[in-house]
Amino acid sequence: MTRILIVDDIQTNIYLLESILKGYGFSVVSARNGSEALDVARKDPPDLIITDILMPVMDGFELCRQWKADPLLEKIPFVFYTATYTDPRDEQFAMSLGAERFIVKPQKPEVLARVVQDVLNQREEGGGLSETRPLGDEMEILRQYNEVLFRKLESKVVQLHADIEERKRIEAKLSENEEFLDAIIENIPDMIFVKDAQNLRFVRFNQAGEALVGFTREEMYGKNDHDFFPSEQADFFIEKDREVLAGKNILDIPRETIRTRYKGTRIIHTKKIPILSRTDEPKYLLGISEDITERIIAEEALARAVRKLNLLNAITFDEIQNAVFSLSGYLDLMKKNPTGDSLKQYLDKQTAITEAMRNSLDFAKMYQDLGQKPPTWQNVMYSFLFALSHIDTPSFSRSIEVEGLEIYADPLLEMVFLTLIHNVIQHARGATAISLYYRESEEGITLFFEDNGEGIPDDSKEMIFERECERKKRLGLFLSREILSITDITIHETGTHGRGARFELAVPKGAYRFTGVPESPRV
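Its first residue numbered 1, the sequence shown is counted upward by one per residue in my numbering.
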């Protein structure tokens, strides 16, 4: 079987040429450069050699020169197969070195096989080897070799220059696109952040995000949520991140809270998007967060306003209209019997109705003012003691254990305490003591206001906070609950009937804090 030596420094070229030649029945061996080819050929001379020109260690031209100078190899046909040296002068130099053929890549398999077979046939017939004898003058060979290399170098320099210019153009375009995208990201009014999918550390942050959380991007980069937010909040953020990356889907979080450096607790609407690699694996996590705090506050304020208007409407039109109707009835009765024994009774009834109207209007005015001033941090002890100062309670013992506690509440907080104390005096039969203290838990703190009076029946514990009960008994608890609800503080009665009343005011986390123990104000 005819044995052919293939020489090329690129393995894929060897594989392709080997497949073609084997397909036509030739045996093939290979080498990766001229020096290696000479070693292979001298050990076991092939029937023909096909070589590339541009190779490391020893190129094709030098291989051909040494091949044709070796008595063992000079009669073996030498074929150049190149894609880099394509100038006619390159071919001329190659043939002057003694090559039998000079073939420019690529060629169809059948064309290449036909050329190889022609060269082999001519050898078998005793002719066909190159009629051009190898150059004997070393200086002439060197001169022509240098010319070939210079042309190739010149061509490569021109090509390299063109490649460099094209690369510069591409880099400039990429830089322009990057600046454009940076400008978009930086000018988006929402917080934009990007995390590495592997460790969930921040790798990108925009100026809106810096303004919201209060940290610079330099502080954020390379760190994760646990470096900036409370542990529970950071765990929540990371849990949602992993959920997005695992499912490879967009996650919409309509409302979540975030503790910031300078702006306190803010409410945000966040969307988290997985950024996938070409292999469809999560590479980054993109987050877009809109600060909706003001919108939520406005919506809640609107809801409170609507509720307030509805109640004021009921007070104005229902209660006063009913009172006017009753007054008109008694006036008619008085006209019919202006001197009768019932006259004083009618006048007393009208006086009571007028007083009820005045109370309704007073309540309406107070309720109308509710929420007009923004909530503030208020010292609980001060508020409670100021409330006590408005009421004469000399016979009541007092226990107050709320030193240093402040809560975030409406300025009418003092009125809540005033109402609770007033109800003890007016309705807690047998009461001789009141106390105010707190307990802290994972949910927040609970303020306890207790007395040792008769207490409230179980079936009335919620009824006392209703508007209808307020209208009849003037307890003030309906309004107290409304005042507290402005900052999400709840109030319930949880005492045991027969052992005294106990009101629990639940203050959520973030709405209370502790300061230095204050001196008690004079009352």
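C-beta atoms are modelled at their ideal positions from N, C-alpha and C, and glycine is treated no differently.
Quick one: is THR419 buried, meaning 16 or more other Cβ sit within 10 Å of its Cβ, or exposed?
In the sequence shown, residue 419 corresponds to position 419, counting from 1. Buried is the call here.
DSSP has LEU120 in a bridge; who is on the other side?
Walking along the sequence shown from the start, residue 120 turns up at place 120. Answer is none; LEU120 lacks a bridge partner.
Return the bridge partner residues of GLN378 from the DSSP annotation.
Taking the first residue of the sequence shown as 1, we reach residue 378 at position 378. In the DSSP output, where bridge partners are listed per residue, GLN378 has ILE407.
Measure from the alpha carbon of GLU406 to the alpha carbon of each residue in PRO374, ASP392 and LEU447, then state which is nearest.
Taking the first residue of the sequence shown as position 1, residue 406 is located at position 406. Looking at the Cα atoms, LEU447 is the closest of the given residues.
What do you reckon, are the CB atoms on PRO45 and LEU72 nearer than 8 angstroms?
Taking the first residue of the sequence shown as position 1, residue 45 is located at position 45. Taking the first residue of the sequence shown as position 1, residue 72 is located at position 72. Yes, they are a contact pair.
SER397, DSSP secondary structure in three states
The residue given as residue 397 occupies position 397 in the sequence shown. Looking at SER397 - three-state DSSP - the assignment turns out to be strand.
Could you name each continuous beta strand (DSSP E) segment of 3 residues or more that falls completely within the region 201-272, going from the start of the chain to the end?
202-205 and 251-259
According to the neighbour-count rule (16 or more other Cβ atoms, all chains shown, within 10 Å of its Cβ), is PRO518 buried or exposed?
For the purposes of this step, residue 518 is taken as the residue at position 518 of the sequence shown. With a pLDDT of only 44 at PRO518, under the threshold of 50, the placement of this residue in the model should not be trusted; the figure read from the coordinates follows. It counts as exposed.
Please state if the CB of ARG101 and the CB of LEU79 are separated by a distance shorter than 8 angstroms.
One-based indexing of the sequence shown puts residue 79 at position 79. One-based indexing of the sequence shown puts residue 101 at position 101. Here the sequence assigns Val to residue 79, which means Leu is not the residue at that position. Yes. Within cutoff.
Name the residue from ARG481, ARG467, THR496 and TYR382 whose alpha carbon lies nearest to the alpha carbon of LEU436.
Taking the sequence shown and counting its residues from 1, the one referred to as residue 436 is at position 436. Of the candidates ARG481, ARG467, THR496 and TYR382, the one whose C-alpha sits nearest the C-alpha of LEU436 is TYR382.
For the alpha helix (DSSP H) that ASP90 lies in, which residues bound it at each end?
On the sequence shown, residue 90 is found 90 positions in, with the first residue counted as 1. Per DSSP, ASP90 belongs to the alpha helix (DSSP H) from 88-96.
Cβ neighbour criterion (16 or more within 10 Å) applied to SER480:
In the sequence shown, residue 480 corresponds to position 480, counting from 1. Buried.
Going straight from the alpha carbon of ALA506 to that of GLY444, what length do you get?
Position 506 of the sequence shown holds residue 506. Position 444 of the sequence shown holds residue 444. Taking the straight line joining both Cα atoms gives about 7 angstroms.
Let me know the secondary structure DSSP gives GLY495 once reduced to three states.
Here the question's residue 495 lines up with position 495 in the sequence shown. Coil, per DSSP.
Using 8 angstroms for Cβ pairs, my map puts MET58 next to SER30. What's the rounded Cβ distance?
Along the sequence shown, one-based indexing puts residue 58 at 58. Along the sequence shown, one-based indexing puts residue 30 at 30. Not confirmed; about 15 angstroms, so no contact.
Residue range of the beta strand (DSSP E) that includes ARG3
Here residue 3 refers to the residue found at position 3 when the sequence shown is read from its first residue. Residues 3-7.
Where ASP458 sits in the DSSP three-state scheme
The count along the sequence shown starts at 1 and reaches residue 458 at position 458. Here ASP458 sits in helix by DSSP.
Cut-off 8 angstroms between Cβ atoms - residues of its own chain near PHE237, not counting five sequence neighbours on either side:
Working through the sequence shown from its first residue, we reach residue 237 at position 237. Closer than 8 angstroms at the Cβ level, and outside the excluded window around PHE237, lie ASP225 and PHE229.
Between which residues of its own chain and GLU256 is the CB-CB distance below 7 angstroms, once the five residues before and five after are set aside?
Start at 1 with the first residue of the sequence shown, and residue 256 comes out as number 256. Answer for GLU256: ILE268 and THR270, listed in chain order.
Cβ neighbour criterion (16 or more within 10 Å) applied to PRO282
Indexing the sequence shown from 1 puts residue 282 at position 282. That one is buried.
Which first and last residues belong to the beta strand (DSSP E) in which THR446 is found?
Numbered from 1 along the sequence shown, position 446 holds the residue referred to as residue 446. From DSSP, the beta strand (DSSP E) with THR446 extends over 444-451.
Between which two residues does the alpha helix (DSSP H) harbouring ALA323 extend?
By 1-based counting over the sequence shown, the position of residue 323 is 323. First-last of the alpha helix (DSSP H) with ALA323: 320-336.
Can THR515 and GLY430 be called in contact, C-beta distance under 8 angstroms?
Counting from one through the sequence shown, the residue named residue 515 turns up at place 515. Counting from one through the sequence shown, the residue named residue 430 turns up at place 430. Contact flag unset, no.
Among residues of its own chain, excluding the 5 on either side of ASN452, which ones have a beta-carbon nearer than 7 angstroms to its beta-carbon?
Indexing the sequence shown from 1 puts residue 452 at position 452. Closer than 7 angstroms at the Cβ level, and outside the excluded window around ASN452, lie ALA431, THR432, ALA433 and GLY500.
Sufficient close CB pairs (3 or more, under 8 angstroms) joining the region 451-467 to the region 484-497
yes
Own chain partners of LEU532 with C-beta closer than 6 angstroms, once the 5 adjacent residues on each side are dropped
The requested residue 532 is not part of the displayed model; the chain covers only 1 to 523.
Cβ pair LYS108, TYR81 closer than 8 angstroms
Position 108 of the sequence shown holds residue 108. Position 81 of the sequence shown holds residue 81. No, they are not a contact pair.
Using CA atoms only, rank isn't needed, just tell me which of ASP70, ILE49, VAL380 and LEU54 is closest to LEU413.
Here residue 413 refers to the residue found at position 413 of the sequence shown. Selected option, being the one with the closest Cα: VAL380.
CA nearest to the CA of ALA298, picked from ASP70, ASN13, ILE486 and THR2:
The residue given as residue 298 occupies position 298 in the sequence shown. Nearest of ASP70, ASN13, ILE486 and THR2 to ALA298, Cα basis: ILE486.
Where does MET357 fall in DSSP's three states?
Residue 357 sits at position 357 when you count from the first residue of the sequence shown. If DSSP states are grouped into helix, strand and coil, MET357 belongs with the helices.
Applying the criterion that 16 or more other CB atoms from any shown protein chain within 10 Å of the CB defines a buried residue, is VAL7 buried or exposed?
Taking the first residue of the sequence shown as 1, we reach residue 7 at position 7. Flag for VAL7 reads buried.
Separation of ASP190 from ARG295, as counted between CA atoms
Within the sequence shown, the letter at position 295 stands for residue 295. Within the sequence shown, the letter at position 190 stands for residue 190. When rounded, the distance between both Cα atoms is 14 angstroms.
Using CA coordinates, which residue listed in ILE76, ILE10 and ILE49 is at the minimum distance from PHE56?
In the sequence shown, the residue the question calls residue 56 occupies position 56. Correcting the residue type first, residue 56 is Pro in the shown sequence and not Phe. Here the closest residue by C-alpha is ILE10.
Length of the line joining the Cα atoms of ALA94 and LEU5
Along the sequence shown, one-based indexing puts residue 94 at 94. Along the sequence shown, one-based indexing puts residue 5 at 5. Going from the Cα of ALA94 to the Cα of LEU5 covers about 18 angstroms.
Quick test of your reading: MET357 and ALA303, contact by CB under 8 angstroms. State the CB separation rounded to the nearest angstrom.
Residue mapping note: residue 357 aligns to position 357 of the sequence shown, counting from 1. Residue mapping note: residue 303 aligns to position 303 of the sequence shown, counting from 1. No, MET357 and ALA303 are not in contact; Cβ-Cβ is about 29 angstroms, not under 8 angstroms.
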